[in-house]
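Per this note's numbering: the sequence shown ends with 1400, consecutive numbering throughout.
Every residue gets a Cβ at the ideal spot worked out from N, C-alpha and C, and that includes glycine.
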Amino acid sequence: MRLGFICTALIAARSYGANKAVIVSNAPPSSNVLESDIRPIKEAIPLPDYMLWAIIAGGVLAGVIIAWFAWRLWQKRPRKNPGELLIPAHRRALELLRGALAHIDEPERFCTEVSNIARRYLEERFALHAPERTTEEFLEELRASSALSLSHKQALADFLEQCDLAKFARHSPARGELEALHRTAVTLVEETAQPSSLGEPHSAEPHSK
C-alpha cells in the first residue's frame, strides 16, 4: 500500500511539472529601466589638422598622376610629320612612286609598294578608305563613288588586280609589265591631282634600260 501511494505521488508530480504554464508579462518596463538604456549622443570627433591636409595632399597628388598619364598617352598618339601636311598628296605620291623604281627587279615587293602608294594617295585625295580594305571591298566602294571617272575606275581596277596577282598568287610579271603598272599609277595620280597643280612638272616615269 505504501509503495503504491509513493508511485502515485511521483506520477502526479511529473504530470504537474510537464503541464506547468510559462507566464509572460506584457507590462511596459518601468521608466527607470528606459532612462538607464538611453545614452547621450557623443559629439563628432574633429579630424586633426594634419589628417585634413594629408587628405587634401593625397587628392592633389592623385590628380597630378592622372594628368601625367593622360599627357603621356596624348604624346604617344600617332601624328603626321608636319612636313607631310604641307606637301600635296599627288606630289608625295609621285615622289614615292619614283622611289619604288629601285625595287622593280623584285616583282612582289615592287607591286606591294606601288599598290600601297596608290591606295594612300586615293585616301588622302578623295577620302576613299583604300589602305585598310581588301581590293574587292575597295572596288565595291569605288563603284558607288563619283570621285573618279569611269575610265579611271577601270584602269585602277586592272592595276590593283595585277598587283594582287604578284603579291598573293606568286605571279612574276616581266619587267615590261611592271613598268606598265608603274605608268598606270603615275598617270592616275597626275590626272586626278588637285586642279591648282596641273601645271607642275613630274618626273616619276621609269627610265627604260
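In or out: residue i buried (at least 16 other Cβ within 10 Å) or exposed?
i	result
residue 1280	buried
residue 1333	buried
residue 1337	exposed
residue 1350	buried
residue 1284	buried
residue 1253	exposed
residue 1241	exposed
residue 1359	exposed
residue 1288	buried
residue 1380	buried
Taking residue i as part of the alpha helix (DSSP H), name the residues at either end of that continuous run.
i	result
residue 1138	The requested residue 1138 does not occur in the structure, where the chain is confined to residues 1192 to 1400.
residue 1285	1280-1291
residue 1332	1326-1334
residue 1298	1298-1317
When the Cα of residue i is compared with those of the options, which residue comes out closest?
i	options	result
residue 1294	1382, 1333 and 1373	1373
residue 1298	1277, 1380, 1384 and 1369	1369
residue 1324	1337, 1310, 1353 and 1350	1310
residue 1342	1356, 1291, 1378 and 1363	1378
residue 1317	1243, 1339 and 1367	1339
residue 1345	1355, 1322, 1375 and 1245	1375
residue 1382	1359, 1244, 1347 and 1354	1347
residue 1303	1355, 1371 and 1246	1355
residue 1371	1315, 1331, 1314 and 1301	1301
Between residue i and residue j, what straight-line distance do the alpha-carbon atoms span, to the nearest angstrom?
i	j	result
residue 1248	residue 1267	29 Å
residue 1361	residue 1296	14 Å
residue 1384	residue 1264	36 Å
residue 1326	residue 1352	8 Å
residue 1305	residue 1259	42 Å
residue 1357	residue 1363	6 Å
residue 1366	residue 1292	11 Å
residue 1282	residue 1313	13 Å
residue 1246	residue 1308	57 Å
residue 1328	residue 1290	28 Å
residue 1335	residue 1278	29 Å
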